Amino acid sequence: MRKINLCSSSEGTEVILATSSDEKHPPENIIDGNPETFWTTTGMFPQEFIICFHKHVRIERLVIQSYFVRTLRIEKSTSKEPIDFEPWIERDLVHKEGQLQNEEIMIRVGSWDSWCYNIEAKRQNHFIIQETNPYLK
Numbered sequence: 001m002r003k004i005n006l007c008s009s010s011e012g013t014e015v016i017l018a019t020s021s022d023e024k025h026p027p028e029n030i031i032d033g034n035p036e037t038f039w040t041t042t043g044m045f046p047q048e049f050i051i052c053f054h055k056h057v058r059i060e061r062l063v064i065q066s067y068f069v070r071t072l073r074i075e076k077s078t079s080k081e082p083i084d085f086e087p088w089i090e091r092d093l094v095h096k097e098g099q100l101q102n103e104e105i106m107i108r109v110g111s112w113d114s115w116c117y118n119i120e121a122k123r124q125n126h127f128i129i130q131e132t133n134p135y136l137k
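In UniProt numbering, the protein residues as written are 1 to 137.
Take a look at the structure:
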């Protein structure tokens, strides 16, 4: 069966909130499908963004590509609005200077139905999120 990248602007997904933005590297770059673009933070830590699918999705695998992220926390909401988020995943990431962090999270059955995701990343200073790709097979 074909993989579908649910976190793509071409699928109707939107970044509806980001705690910082840079004119040259806006948060919408996270979902544009272009591996050459990225979102970079400009403020203090932690930083977060909310991705809204505008439809109910079931995710089997989540891939987050980043630089300089120490801790990743993801919350999900089963509401059609970006409210009532509940803790879902928290991971400490390994950071090696100048190397892409490619975090792949396999989702166990029963914990993956959602409309919106609030993703928070912690680092001592700025960081970069290159891609966020939830997949349905």
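Note that beta-carbon positions come from the ideal geometry of N, C-alpha and C, so glycine has one too. Predicted model only: the values in this text are computed from it and were never measured.
Judging by CA-CA distance, which residue of the options is the nearest neighbour of residue i?
i, options, result
"Ile-105", "Ile-74, Glu-23, Glu-86", "Ile-74"
"Pro-27", "Gly-98, Ile-50, Glu-103, Ser-10", "Ile-50"
"His-95", "Val-69, Ile-59, Ile-31, Pro-46", "Val-69"
"His-56", "Thr-41, Leu-93, Asp-22, Pro-82", "Pro-82"
"Glu-60", "Cys-7, Ile-107, Ser-9", "Ile-107"
"Met-44", "Asn-29, Ala-18, Glu-23, Val-63", "Ala-18"
"Gln-99", "Ile-30, Ser-10, Tyr-67", "Tyr-67"
Taking only the alpha-carbon atoms, compute the straight-line gap between residue i and residue j and give it to the nearest angstrom.
i, j, result
"Gln-101", "Glu-36", "15 angstroms"
"Phe-38", "Glu-90", "22 angstroms"
"Ser-79", "Pro-87", "14 angstroms"
"Ser-20", "Thr-42", "6 angstroms"
"Ser-8", "Asp-32", "6 angstroms"
"Phe-53", "Thr-13", "4 angstroms"
"Ser-10", "Ile-16", "15 angstroms"
Identify the continuous beta strand (DSSP E) that holds residue i and give its terminal residues.
i, result
"Ser-77", "71–77"
"His-54", "47–58"
"Asp-92", "86–92"
"Ile-31", "Run containing Ile-31: none; DSSP gives neither H nor E here."
"Ile-16", "14–18"
"Glu-103", "101–106"
Could you give the DSSP three-state label for residue i: helix, strand or coil?
i, result
"Ile-83", "coil"
"Ser-66", "strand"
Could you tell me whether the Cβ atoms of residue i and residue j are closer together than 7 angstroms?
i, j, result
"Ala-121", "Gln-47", "yes"
"Asp-84", "Thr-71", "no"
Does the distance between the C-beta of residue i and the nearest non-hydrogen atom of the ligand MG fall short of 6 angstroms?
i, result
"Met-106", "As far as ligands go, the structure on display features none, and thus does not contain the ligand MG."
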